[in-house]
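Reading through the structure tokens given below for one structure.
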Amino acid sequence: MSQPVRVVRKITGNHLEDFHLGQTFRHKGGKTVTEGLFTTFTEFTMTTNPLAKNARYARAHGFQGLVVPPGLVMLVAFSQTVEDVSENARANLEYIDMRFGAPVYVGDTIEVETKVLGVKPSSSNPKLGVVHVQSTARKNVGEKDQAIVMTWQRKVQVWKKDDAAKVDEGEVPADDIACELWLPPYQAGADYKALAHLSGADTYFEDFEPGTKIEHWRGRTMTTEHIHLTAVLDNTSQVHCNQFMIDQNPKQYVGGQLIIFGGIPFTLCLGLSCPDVGDNALGDRIYTTGRHTAPLFAGDTVFAATEILGKRDLDGRPDVGVLATRLLGHKFEKAKDGEALSGEAAEAPAGFRKTRIFELERELVVKRRSHYA
Amino acid sequence: MSQPVRVVRKITGNHLEDFHLGQTFRHKGGKTVTEGLFTTFTEFTMTTNPLAKNARYARAHGFQGLVVPPGLVMLVAFSQTVEDVSENARANLEYIDMRFGAPVYVGDTIEVETKVLGVKPSSSNPKLGVVHVQSTARKNVGEKDQAIVMTWQRKVQVWKKDDAAKVDEGEVPADDIACELWLPPYQAGADYKALAHLSGADTYFEDFEPGTKIEHWRGRTMTTEHIHLTAVLDNTSQVHCNQFMIDQNPKQYVGGQLIIFGGIPFTLCLGLSCPDVGDNALGDRIYTTGRHTAPLFAGDTVFAATEILGKRDLDGRPDVGVLATRLLGHKFEKAKDGEALSGEAAEAPAGFRKTRIFELERELVVKRRSHYA
Amino acid sequence: MSQPVRVVRKITGNHLEDFHLGQTFRHKGGKTVTEGLFTTFTEFTMTTNPLAKNARYARAHGFQGLVVPPGLVMLVAFSQTVEDVSENARANLEYIDMRFGAPVYVGDTIEVETKVLGVKPSSSNPKLGVVHVQSTARKNVGEKDQAIVMTWQRKVQVWKKDDAAKVDEGEVPADDIACELWLPPYQAGADYKALAHLSGADTYFEDFEPGTKIEHWRGRTMTTEHIHLTAVLDNTSQVHCNQFMIDQNPKQYVGGQLIIFGGIPFTLCLGLSCPDVGDNALGDRIYTTGRHTAPLFAGDTVFAATEILGKRDLDGRPDVGVLATRLLGHKFEKAKDGEALSGEAAEAPAGFRKTRIFELERELVVKRRSHYA
Chain A
1 MSQPVRVVRK ITGNHLEDFH LGQTFRHKGG KTVTEGLFTT FTEFTMTTNP
51 LAKNARYARA HGFQGLVVPP GLVMLVAFSQ TVEDVSENAR ANLEYIDMRF
101 GAPVYVGDTI EVETKVLGVK PSSSNPKLGV VHVQSTARKN VGEKDQAIVM
151 TWQRKVQVWK KDDAAKVDEG EVPADDIACE LWLPPYQAGA DYKALAHLSG
201 ADTYFEDFEP GTKIEHWRGR TMTTEHIHLT AVLDNTSQVH CNQFMIDQNP
251 KQYVGGQLII FGGIPFTLCL GLSCPDVGDN ALGDRIYTTG RHTAPLFAGD
301 TVFAATEILG KRDLDGRPDV GVLATRLLGH KFEKAKDGEA LSGEAAEAPA
351 GFRKTRIFEL ERELVVKRRS HYA
Chain B
1 MSQPVRVVRK ITGNHLEDFH LGQTFRHKGG KTVTEGLFTT FTEFTMTTNP
51 LAKNARYARA HGFQGLVVPP GLVMLVAFSQ TVEDVSENAR ANLEYIDMRF
101 GAPVYVGDTI EVETKVLGVK PSSSNPKLGV VHVQSTARKN VGEKDQAIVM
151 TWQRKVQVWK KDDAAKVDEG EVPADDIACE LWLPPYQAGA DYKALAHLSG
201 ADTYFEDFEP GTKIEHWRGR TMTTEHIHLT AVLDNTSQVH CNQFMIDQNP
251 KQYVGGQLII FGGIPFTLCL GLSCPDVGDN ALGDRIYTTG RHTAPLFAGD
301 TVFAATEILG KRDLDGRPDV GVLATRLLGH KFEKAKDGEA LSGEAAEAPA
351 GFRKTRIFEL ERELVVKRRS HYA
Chain C
1 MSQPVRVVRK ITGNHLEDFH LGQTFRHKGG KTVTEGLFTT FTEFTMTTNP
51 LAKNARYARA HGFQGLVVPP GLVMLVAFSQ TVEDVSENAR ANLEYIDMRF
101 GAPVYVGDTI EVETKVLGVK PSSSNPKLGV VHVQSTARKN VGEKDQAIVM
151 TWQRKVQVWK KDDAAKVDEG EVPADDIACE LWLPPYQAGA DYKALAHLSG
201 ADTYFEDFEP GTKIEHWRGR TMTTEHIHLT AVLDNTSQVH CNQFMIDQNP
251 KQYVGGQLII FGGIPFTLCL GLSCPDVGDN ALGDRIYTTG RHTAPLFAGD
301 TVFAATEILG KRDLDGRPDV GVLATRLLGH KFEKAKDGEA LSGEAAEAPA
351 GFRKTRIFEL ERELVVKRRS HYA
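So this is what it looks like as structure tokens:
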């Protein structure tokens, strides 16, 4: 063999000028949910809803078996869009209209498509712009139980490769994707009460009062495990796993260290909230909007709180109700010497400041005690 | 929506005054054993018994498939009792009469009940007392293969919430729980010898001699992985996963750092002992008594030893025998300058002291070479 | 019970004088591939080939389901040989003629045998010698889908227990093991094109040009997770997991810290190369030779490159071709003050040196665009 004469280094992902209005990406890979993936993530988040713990409980409620929690559905679906949409992103700006459909079980295969809804160059920085996309995740494509499991939009701040390149600026309408949370039918003759001891006793629909803010009790310290968790999701963005890249230019990267993939605090906050608001949910219906407000690093301890925003009936389903909430994530950082703290930042032990890391407008469908306990 | 007006922080778990003699807890959650849970824990412990490694070996011995090792059965069952029994505990004092019953397979769902046998306030400290409980774990409740998989008692030192509160002091008798180790029948015509190369050649019943102490060869260094392992078990006690809580009051917590959940060294010591005493066991019959004698932290390396206490026949089963042992776990710590060490502490390399962390009286049912090799 | 009178510490593994020409080891344990093992390792390596991600894609190509990637087949098989062959090794010198056969699926049980081909004492060091072995891994022994999944040779530098002991020096011929990569038949009527968006668009057989060197884009920082990963493989060698042993004699161990099991960078380099060379492979055919050239530690970031050595047709299979490559792994280390770097070591950012850690001659069977896209 002759010596290699040509050295190749592929550039992955798209830059701002590569996105075109109305363009559709059919993302690579797809992902089958194994029991390994299911357990790694479900348990990492400390979720307590027995639908994701106890197969007999899930079946008795009308599901086929253990139910993949919404945070994990989101992570499996979202991560498939990273290479095409946000490999070259500076920041993920906003989650919009994130809706859930069919339940996901172990063995299901998830595949995702994304349509480009908008491209907008920055008015102040010629190297940046915002891409607005709509993604839809289906399970078991081409098989008889094919179904939409999730659809969402997001806005991402993406780098240009060439400052001078032309950008396909504009906005097109979102597709109308039929994606409503599937609920197992209420079986009038079923003995739901015999299962009631398995979930929390004080998290039925009747228990929530708008205007309440619940500070969830538990915190969870993150470790370098985030590198592996992120790889498990097929999110291979280098800022989450390549310390050598960071060490060469620490000032270019926030905190000078590996940043934890935003999907991790997203799903962890959902889990930390579970004993207080999610234990008797049949599912999450929609995340109207959400965003990350500060970075998270190995060593940080994550906490969460939920504001109860409102309650309403669900048509045709007297056994459940819709709970509108705001999920908030935070961590505590050492306060600087003499730093004057106000507002939320001051809600911290002496010497610390509270930093909000995540917020999500979230609606859950919650069982009523009258029908289940 | 109006601004939240009411901030809520739930307190989980019971305090000394909340326990009542004869009271029964039906614990929340339950847990289905997935292949993810099975592999994470079985391999973490470094167990070598092929019943938990090799499905064809397990089936040829009369099991339905890979057998969940006793340490993992214990962890899955025990952890379900934490929130109700020991979330507000100062220390787990003793495991008592821990007996195994039906085998547990991947796909089985474990649920647990606990009865309060005794409550006793401390005579010296008005803030503390001891709760004595009996727990029983069943699999597949309500299904045709429902069975008891484990029953045990434990004593826990629990905090009072209100020093002045009345305590339901006393002791009631333990329930008589039928829980005997299920053993697959010995099949006279089966070619067990064809499988003999798959397990250790020197760990048959005939190989053990009472009066022997086996220092198990392998050690295993613990890392911060313990945070995740503990979460996988649904044990959400904050002293195992909330570093921020520790950092605020390091002096209040042993070692000023996250303490490793006792179930981790429990199962790890079982695993480390496996190549020397457990490779040809069909199961663990009983842990008569056991306790943790020192805390374990990330960075510590765990070692184990087994004393062979006795041997006896098992009625109606000439193919196996019962081996009575004492399992001991230890770690090494830097000795203090000029520290004079004696006894077990002195069994250490120069500059170190040996610290016992765990002890367990343990009976195994072990195959005889005469019948299997 | 009397106090223990006899303390036993078993020595595991063989020393140079224990190996005999033509001797066969039937290794202990065996290992059933669970979904937990599958996901932990497949995702750790960052492999992107949908055969290991997407069950419908795998089935549409003629496999029974998710396909265990070659790196994981190798790790599961190789690790079973460690206790008998290399527990007392100083170094693994070379992998030779490593060939793959039947595909491995979740649920398959792998068992391994090893034959001693050669024993050669060192001419310069009376404490050392080289053992040459041939190992073969079978799945589902005794069942109707029994098949050889892998066969390979390796040379290992092994310690003597007794410098003066006689060694069975010599060499015997390797067995002729029939082990050819199984390929699913090409189905003329199948709509492979409908799946083409799921794998990379530029990694078909037609896309590779001999003489090219591809620097794979992604790097992956290793953490102390390697301790757990190694245990998951049943490789219990103490240099990978017993920090206390290292701390007692740091100078005796390379780097004075736990060394990462060579199988980890082996499989990680395969994974890192996947988006550029493996995304459209139906399997790896052979690793002609391979070796580790420098140790890897927690904190190191692993990178990989692939040289395209050659291409050729495969008899009777116009739909695929054989791609001959050299896979290279490297890391970057801080350069010493004033160190003059040359050759490969100089291919590094300022202040660093490039250190090759691994190399493997590797042939893949790759789909042709003409038939699949």
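Sequence lines, in order, name chains A, B and C.
Numbering-wise, the working numbering puts 245 at position 245 of the first sequence, and it's gapless, one number per residue.
Numbering-wise, the working numbering puts 113 at position 113 of the second sequence, and it's gapless, one number per residue.
Numbering-wise, the working numbering puts 113 at position 113 of the third sequence, and it's gapless, one number per residue.
For glycine and all other residues, C-beta sits at the position ideal for the given N, C-alpha and C.
From which residue to which residue does the alpha helix (DSSP H) around residue 230 of chain A run? In the first sequence, the residue the question calls residue 230 of chain A occupies position 230. Residues 225-232.
Where does residue 43 of chain C land, buried or exposed, given buried means 16+ other C-beta within 10 angstroms? For the purposes of this step, residue 43 of chain C is taken as the residue at position 43 of the third sequence. Buried, since its Cβ has 16 or more Cβ neighbours within 10 Å.
Which residues in the same chain as residue 23 of chain C place their Cβ atom closer than 6 angstroms to its Cβ, once the five residues preceding and following it in sequence are excluded? The count along the third sequence starts at 1 and reaches residue 23 of chain C at position 23. Hits under 6 angstroms: 116.
Any chain C beta carbon closer than 7 angstroms to residue 282 of chain B: For the purposes of this step, residue 282 of chain B is taken as residue 282 along the second sequence, with counting starting at 1. No, its Cβ sits nowhere closer than 7 angstroms to a Cβ of chain C.
Please classify residue 11 of chain A as buried or exposed, where buried requires at least 16 other C-beta atoms within 10 Å of its C-beta. One-based indexing of the first sequence puts residue 11 of chain A at position 11. Counting Cβ neighbours within 10 Å, residue 11 of chain A comes out exposed, since fewer than 16 surround it.
Can you grab the Cα-Cα spacing for the pair residue 323 of chain C / residue 176 of chain A, in whole Å? Residue mapping note: residue 323 of chain C aligns to position 323 of the third sequence, counting from 1. Residue mapping note: residue 176 of chain A aligns to position 176 of the first sequence, counting from 1. Each residue's alpha carbon lies about 45 angstroms from the other.
Bounding residues of the beta strand (DSSP E) (the contiguous stretch that carries residue 245 of chain C): Here residue 245 of chain C corresponds to residue number 245 of the third sequence, with the count starting at 1. Counting along the chain, residue 245 of chain C falls outside any beta strand (DSSP E), though it belongs to the alpha helix (DSSP H) covering 243-248.
Could you check what DSSP says for residue 216 of chain A in three-state terms: helix, strand or coil? Residue mapping note: residue 216 of chain A aligns to position 216 of the first sequence, counting from 1. Of the three classes helix, strand and coil, the one that applies to residue 216 of chain A here is coil, per DSSP.
Which residues in chain A have a C-beta closer than 8 angstroms to the C-beta of residue 32 of chain C? List them in chain order. Counted from its first residue, the third sequence places residue 32 of chain C at position 32. Residues of chain A passing the Cβ test: none, with the nearest at roughly 13 angstroms.
Buried or exposed for residue 146 of chain A, please, with buried defined as at least 16 other CB atoms from any protein chain shown within 10 angstroms of its CB. Locating residue 146 of chain A in the first sequence gives position 146, where the first residue counts as 1. So residue 146 of chain A counts as exposed.
Under the rule that 16 or more other beta-carbon atoms within 10 Å means buried, what is residue 20 of chain B, buried or exposed? Indexing the second sequence from 1 puts residue 20 of chain B at position 20. It is exposed - the Cβ of residue 20 of chain B has fewer than 16 other Cβ atoms within 10 Å.
Provide the residue(s) that pair with residue 90 of chain B in DSSP beta bridges, ordered along the chain. Here residue 90 of chain B corresponds to residue number 90 of the second sequence, with the count starting at 1. DSSP, once it has assigned bridges, lists no residue as partnering residue 90 of chain B.
What did DSSP end up calling residue 79 of chain A once you bin it into helix, strand or coil? As a working note, residue 79 of chain A is residue 79 in the first sequence. DSSP places residue 79 of chain A in helix when its eight states are reduced to three.
On the DSSP bridge list, what partners appear for residue 95 of chain C? Start at 1 with the first residue of the third sequence, and residue 95 of chain C comes out as number 95. Its beta-bridge partners are C:154, C:290.
To which residues of the same chain is residue 186 of chain A closer than 6 angstroms at the C-beta, ignoring the five residues directly before and after it? In the first sequence, counting from the first residue as 1, residue 186 of chain A sits at position 186. Cβ within range, chain order: 319.
Only counting the same chain, and skipping five residues up and downstream in sequence, which positions put a Cβ closer than 6 angstroms to that of residue 362 of chain C? The sequence position of residue 362 of chain C within the third sequence is 362, counting from 1. Cβ neighbours of residue 362 of chain C beyond the five flanking positions: 287, 325, 327.
Less than 7 angstroms separating the beta-carbons of residue 351 of chain C and residue 340 of chain C? Within the third sequence, numbered from 1, the residue matching residue 351 of chain C stands at position 351. Within the third sequence, numbered from 1, the residue matching residue 340 of chain C stands at position 340. Not in contact: residue 351 of chain C and residue 340 of chain C (Cβ atoms no closer than 7 angstroms).
Start-to-end residues for the alpha helix (DSSP H) that takes in residue 263 of chain A: The count along the first sequence starts at 1 and reaches residue 263 of chain A at position 263. Residues 263-273.
Same chain, Cβ closer than 7 angstroms to residue 304 of chain A, five either side skipped, listed in chain order: Taking the first residue of the first sequence as position 1, residue 304 of chain A is located at position 304. Excluding residues within five positions, the ones whose Cβ falls inside 7 angstroms are 216, 269, 272, 273, 327, 328, 329.
Taking the beta strand (DSSP E) that residue 330 of chain B belongs to, which residues open and close that run? The residue you call residue 330 of chain B lines up with position 330 of the second sequence. Taken as a continuous stretch (DSSP letters only), the beta strand (DSSP E) holding residue 330 of chain B covers 320-334.
Starting from residue 9 of chain A and walking both ways along the beta strand (DSSP E), at which residues does that stretch end? Residue 9 of chain A sits at position 9 when you count from the first residue of the first sequence. Element bounds for residue 9 of chain A: n/a, residue is neither H nor E.
Alpha-carbon spacing of residue 239 of chain C relative to residue 94 of chain A, whole angstroms: By one-based count along the third sequence, residue 239 of chain C stands at place 239. By one-based count along the first sequence, residue 94 of chain A stands at place 94. Going from the Cα of residue 239 of chain C to the Cα of residue 94 of chain A covers about 47 angstroms.
In this structure, what does DSSP give as the bridge partners for residue 121 of chain A? Mapped onto the first sequence, residue 121 of chain A falls at position 121. Answer by DSSP bridge pairing, in chain order: A:129.
Compare the C-alpha of residue 52 of chain C against each of A:232, A:174, A:163, A:222 and name the closest. By 1-based counting over the third sequence, the position of residue 52 of chain C is 52. The shortest Cα separation from residue 52 of chain C among A:232, A:174, A:163, A:222 belongs to A:232.
Please name the residue, chosen from C:278, C:164, C:349, C:294, that lies closest to residue 50 of chain C on a Cα-to-Cα basis. Counting from one through the third sequence, the residue named residue 50 of chain C turns up at place 50. Taking only the C-alpha atoms, the option nearest residue 50 of chain C is C:278.
Do we get a CB-CB distance below 7 angstroms when we pair residue 158 of chain A with the residues of chain C? Walking along the first sequence from the start, residue 158 of chain A turns up at place 158. Judged by the 7 angstroms Cβ criterion, residue 158 of chain A is not in contact with chain C.
Going by other Cβ atoms of all chains shown within 10 Å of its Cβ, with 16 needed for buried, is residue 202 of chain A buried or exposed? The residue labelled residue 202 of chain A in the question sits at position 202 within the first sequence. With fewer than 16 other Cβ atoms within 10 Å, it is exposed.
Report all residues from its chain with a CB closer than 6 angstroms to the CB of residue 48 of chain B; omit the five preceding and five following residues, and keep chain order. The residue you call residue 48 of chain B lines up with position 48 of the second sequence. Closer than 6 angstroms at Cβ, skipping near neighbours: 274, 275, 279.
Can you find a C-beta in chain C that's less than 7 angstroms from the C-beta of residue 51 of chain A? Along the first sequence, one-based indexing puts residue 51 of chain A at 51. No, its Cβ sits nowhere closer than 7 angstroms to a Cβ of chain C.
Does DSSP classify residue 343 of chain C as helix, strand or coil? Within the third sequence, residue 343 of chain C is the residue found at index 343, counting from 1. Three-state DSSP puts residue 343 of chain C in a helix.
Which chain B residues sit within Cβ distance under 8 angstroms of residue 242 of chain C? One-based indexing of the third sequence puts residue 242 of chain C at position 242. Near residue 242 of chain C (Cβ distances below 8 angstroms), the residues of chain B are 218, 219, 220, 221, 301.
Span separating the alpha-carbon of residue 253 of chain C from that of residue 246 of chain C: By one-based count along the third sequence, residue 253 of chain C stands at place 253. By one-based count along the third sequence, residue 246 of chain C stands at place 246. In a straight line, the C-alpha of residue 253 of chain C is about 7 angstroms away from that of residue 246 of chain C.
Classification of residue 7 of chain B by the beta-carbon crowding that lies within 10 angstroms, buried from 16 upward: Sequence index remark: in the second sequence, residue 7 of chain B carries index 7 (1-based). Classification of residue 7 of chain B: exposed, given that the 10 Å Cβ count is below 16.
Backbone secondary structure at residue 355 of chain C - three-state DSSP: Mapped onto the third sequence, residue 355 of chain C falls at position 355. Residue state, collapsed to three classes: strand.
Answer with yes or no whether the minimum CB distance from residue 26 of chain C to chain B is below 7 angstroms. Indexing the third sequence from 1 puts residue 26 of chain C at position 26. Residue 26 of chain C counts as touching chain B.
Run through DSSP, which three-state label would residue 2 of chain B get? Mapped onto the second sequence, residue 2 of chain B falls at position 2. Model confidence at residue 2 of chain B stands at a pLDDT of 49, short of 50, so the residue's coordinates are unreliable; what they give is reported in the following sentence. Coil.
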